[in-house]
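In the numbering used here, the protein residues as written are 553 to 672.
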């Protein structure tokens, strides 16, 4: 017995897949399906974080300035290269145009907790 597998005599394996077009189509379909599942989650998370950052910034501004929301304007943009690190930043603009940084909420903003460590 010179050959271990006589049924493979004369077979030369090919270096390429047998059906590259079909394999590429399946890969594209899988990537589209994954994007279809992940994209709504990412957009929903971003939407919730945006509304939370805006409402938290308004609450922080009201507590910090001691005035109503008519006296100051707040904005809470997401900044990658902020001084306090990437995340949601809270800015307060007074009626005279003076704009100042109030708080850094981080990547995932949360509702404000006043008097941390005390019973409320």
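Positions of the beta carbon are idealized from the N, C-alpha and C atoms, including for glycine.
Given the structure is predicted, the values throughout are model-derived calculations rather than measurements.
Distances from the alpha-carbon of residue 651 to those of 631, 639 and 626 put 626 closest. Here the alpha carbon of residue 599 sits roughly 34 Å from the alpha carbon of residue 576.
Per DSSP, the unbroken beta strand (DSSP E) holding residue 658 starts and ends at 651-658.
Taking a contact to require three or more Cβ pairs closer than 8 Å, the region 627-645 and the region 600-618 qualify as touching. The continuous alpha helix (DSSP H) containing residue 610 extends over residues 572-617. Taking the C-beta atoms as reference points, residue 586 is found no nearer than 8 Å to residue 613. Judged by beta-carbon spacing, residue 597 lies beyond the 8 Å limit of residue 657, meaning their Cβ atoms are not closer than that value. Linking residue 623 to residue 647 through their CA atoms gives a straight-line distance of about 6 Å.
For residue 647, DSSP records no beta bridge to any residue. Per the coordinates, the alpha-carbon of residue 660 lies some 10 Å from the alpha-carbon of residue 638. Using a 10 angstroms sphere on the CB of residue 610, the tally of other CB atoms reaches 16 or more, which defines it as buried.
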